[in-house]
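Residue numbers (the numbering used here), protein chains in the order written: chain A, -11 to 264; chain B, 9 to 439.
Note that CB positions come from ideal geometry on N, CA and C, so glycine has one too.
In structure tokens, the structure reads:
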């Protein structure tokens, strides 16, 4: 990413990165009864596209005067990911956490986050991941931009700030497009467009010293309780199908390797249909 | 602005956590950095800890220390191809108070001791590998993780373990030589607590320790060990890496043979191997010690080579804890004397001697040399087993007196009476 032409003596940019904590992709499990993702007792991570958005913000901070604020909405267990984000180099984090938010789908989530961003205030740039690995809707980023009435560029892999404007390379289905818009704006970032950095010792010490995460309730932000939570979420998960793995028929060949290797090859050829 | 602490301790093993705990108690703002995800995640040892320095450092340690079992039975066994000769000592006194020893699992023990350091005020950061010391004008000024990630301090305590890169980068020690280290391997074998208690004849909290010689290491310099945990057994070998290389033997093959020995198999039968680990063990005692104090730097634990293997006790963790405490005391003395200069920190030596760490290392300095005597690991155990076989075999063909048997076996093994006597004397002196 290139960020040429920062105006000397300019105010630090305020960059807000929205992240979600998700179950680790490799460990995803669907509860066979409730048909929802198991989230308890499964290792978590920063939603991988959000980590790319965070890295894009930190690259910006490496070259510009910028303040990077990480924002999330969820239970206090999300502090784990917010702490990691600060240890990676973000300046501070805000967690919107309230029981009444439980069960919110992307509609109340976009509303609640946009209210929280308005309360943080003074933002120049909002970065979101293109979608989450646990729901894959890609709704929330554009939803926030809608509520804030801010311009947006989705699915970007590169970002430049030139003369107070944003230029971004957008990944389209049949190629890439370059878009330009004014600040403040919102972008959603492609998964895998960069390599998120590791936490630093300095960052981890900042986390240990404390005071880097702010918790806000809906009341503190001024969020309308009638617009959030399960009952105010129009999406209903009707059914989730899991793909069943084909059955395996293990066989153990024991004895002299000369014979067992031959038996194994025959079995692969005959039962497995593998040409050897 | 770089973050800053009075002292940084690198490595949250027993030495590092003991140092951080001591420093924090003495009012130093202290950073304890560990490369594993949690303290103990990267830790490896045989399985037993002598409690004395812990008893001094955390007087109420027994209250919540994750002890597996208190060792109340000590065993020494000589193995031949399929036979074994064992000496067993048991006394409830072995398991009591300051002089006790206990078996432990590093993942639990190290986490516990690091927590004590945190409670005393130290800042623990995990998952960070310190790349180098931050030096300016020949003086240590902190640590580097990356060029733009450094933390400043007046003192760095290196407690990184046997393969410490920082002691080498600090110029305190040359690269490790094969003759300076042994290779340790260990399997953790799961068995129900009741089975362990029944099989070893132990009470619910009691444990057994075994040292194996002879065929355990196929005659190579080194030996085997077995410790009983609550619901697992630690079984492993420590073997000279020089001998392994020379004889082109893979240590995992040795471990398999050791595990399959009938007298070992009897003890672990039915168990499930849950964990396999390997580690380098500093082996030359005081002979391989790096410089342990410099301008703004101290070295503690395995990184300093503080390990004693005198043939009947393997000591590492107790010396590590004691040296960590001594490092904290040296820092306090240096602060009182005006700063963390090499001259002021040389008080470290005095505090180590006050705990007999250096004294014990020097006392057993000759032990490793004696251990270089291959007859001890190969010939004598075999002789011992052959003697035992003859002593205990009654088949009506007439019996010899014990001394005659010993001398006859020695002479048929090509060892003169004088040689035998000299080895005995050398052995007794160095042990």
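Can you name the residues that DSSP bridges to residue i?
| i | result |
| --- | --- |
| residue 192/A | BP columns for residue 192/A are empty, so no partner. |
| residue 302/B | 305/B |
| residue 86/B | 93/B, 221/B |
| residue 18/A | 25/A |
| residue 39/B | 16/B, 131/B |
| residue 156/A | 147/A, 167/A |
| residue 220/A | In DSSP, residue 220/A forms no bridge with anything. |
| residue 11/B | 159/B |
| residue 290/B | 189/B |
| residue 98/B | 81/B |
| residue 317/B | 322/B |
| residue 297/B | In DSSP, residue 297/B forms no bridge with anything. |
| residue 60/A | 83/A |
| residue 56/B | 111/B |
| residue 32/A | 11/A |
| residue 69/B | Per DSSP, none; premise fails for residue 69/B. |
| residue 41/A | DSSP, once it has assigned bridges, lists no residue as partnering residue 41/A. |
| residue 115/A | 5/A, 175/A |
| residue 55/A | 2/A |
| residue 202/A | 82/A |
Taking 7 Å as the threshold (C-beta atoms), are residue j and residue i in contact?
| i | j | result |
| --- | --- | --- |
| residue 223/B | residue 410/B | no |
| residue 18/B | residue 215/B | no |
| residue 133/B | residue 26/A | no |
| residue 18/A | residue 159/A | no |
| residue 15/B | residue 29/B | no |
| residue 348/B | residue 342/B | yes |
| residue 179/A | residue 31/A | no |
| residue 6/A | residue 88/A | no |
| residue 40/A | residue 173/A | no |
| residue 175/A | residue 141/A | yes |
| residue 143/A | residue 165/A | no |
| residue 164/B | residue 148/B | yes |
| residue 167/B | residue 309/B | yes |
| residue 209/A | residue 104/A | yes |
| residue 40/B | residue 70/B | no |
| residue 190/A | residue 144/B | no |
| residue 190/B | residue 138/B | no |
| residue 365/B | residue 405/B | no |
| residue 201/A | residue 38/A | no |
| residue 397/B | residue 417/B | no |
| residue 69/A | residue 9/A | yes |
Just to confirm my understanding: we take residue i, look at its own chain, exclude 5 residues before and 5 after, and list those with CB closer than 6 Å. What are they?
| i | result |
| --- | --- |
| residue 377/B | Caution applies to residue 377/B, whose pLDDT of 48 falls short of 50 and renders its modelled position unreliable; the value that the coordinates give is listed next. Excluding sequence neighbours, residue 377/B sits near nothing in its chain. |
| residue 354/B | 301 |
| residue 113/A | 3 |
| residue 419/B | none |
| residue 55/B | 111, 235, 242 |
| residue 221/B | 86, 231, 389 |
| residue 170/B | 288, 290, 310 |
| residue -5/A | Low per-residue confidence applies at residue -5/A: pLDDT is 48, beneath 50, and the placement is therefore not dependable, though the value from the model is reported in the following sentence. Closer than 6 Å at the Cβ level, and outside the excluded window around residue -5/A, lies no residue. |
| residue 167/A | 141, 156, 158 |
| residue 441/B | With chain B running from 9 to 439 in the structure shown, residue 441/B is simply not present. |
Could you name the residues of the same chain whose beta carbon sits closer than 7 Å to that of residue i, not counting the 5 residues immediately before and after it, in chain order?
| i | result |
| --- | --- |
| residue 110/A | 2 |
| residue 72/A | 34, 187 |
| residue 102/A | 132, 135, 136 |
| residue 198/B | 239, 240, 279, 280, 282 |
| residue 252/B | 191, 228, 259 |
| residue 66/B | 124 |
| residue 146/B | 303 |
Leaving aside the five residues before and after residue i along the sequence, list all residues of the same chain whose C-beta is less than 8 Å from its C-beta, in chain order.
| i | result |
| --- | --- |
| residue 182/B | 176 |
| residue 13/A | 33, 36, 121 |
List in chain order: all unbroken alpha helix (DSSP H) runs of 4+ residues lying wholly within the segment 110 to 152 of chain B. For the segment 110 to 152 of chain B, whole alpha helix (DSSP H) runs of length 4 or above, ordered along the chain, are 114 to 127.
Entirely enclosed beta strand (DSSP E) segments - the segment 125 to 151 of chain A, minimum 3 residues: Fully enclosed beta strand (DSSP E) runs of no fewer than 3 residues occupy 140 to 150 of the segment 125 to 151 of chain A, in order along the chain.
Beta carbons nearer than 9 Å to chain B: which residues of the segment 163 to 197 of chain A have them? Within the segment 163 to 197 of chain A, the residues whose Cβ lies closer than 9 Å to some Cβ of chain B are 186, 187, 188, 189, 190, 191, 192, 193, 194, 195, 196, 197, listed in chain order.
Return the residues of the segment 16 to 48 of chain B that lie within a Cβ-Cβ distance of less than 9 Å from chain A, sorted by chain order. Sequence-ordered contacts of the segment 16 to 48 of chain B with chain A read 39, 41 [C-beta pairs closer than 9 Å].
Residues within the segment 125 to 137 of chain B neighbouring chain A, beta-carbon criterion of under 9 Å: Shown in chain order are the members of the segment 125 to 137 of chain B whose Cβ falls below 9 Å from a Cβ of chain A: 131, 132, 133, 134, 135, 136.
Within the segment 230 to 286 of chain B, ranges of the alpha helix (DSSP H) (whole runs, at least 4 residues): The segment 230 to 286 of chain B contains these whole alpha helix (DSSP H) runs: 249 to 255, 259 to 268, 270 to 276.
What residues in the segment 160 to 182 of chain B bring their beta carbon closer than 7 Å to a beta carbon of chain A? Contacts with chain A (Cβ-Cβ distance below 7 Å) from the segment 160 to 182 of chain B involve no residue at all.
Quick check for students: name the residue ranges of the alpha helix (DSSP H) that lie wholly in the segment 146 to 223 of chain B, counting only runs of 4 or more. 174 to 177, 201 to 208, all fully within the segment 146 to 223 of chain B.
Unbroken alpha helix (DSSP H) runs of length 4 or more, entirely within the segment 65 to 90 of chain A: which are they? Entirely contained in the segment 65 to 90 of chain A, the alpha helix (DSSP H) runs reaching 4 residues are, in chain order, 67 to 76.
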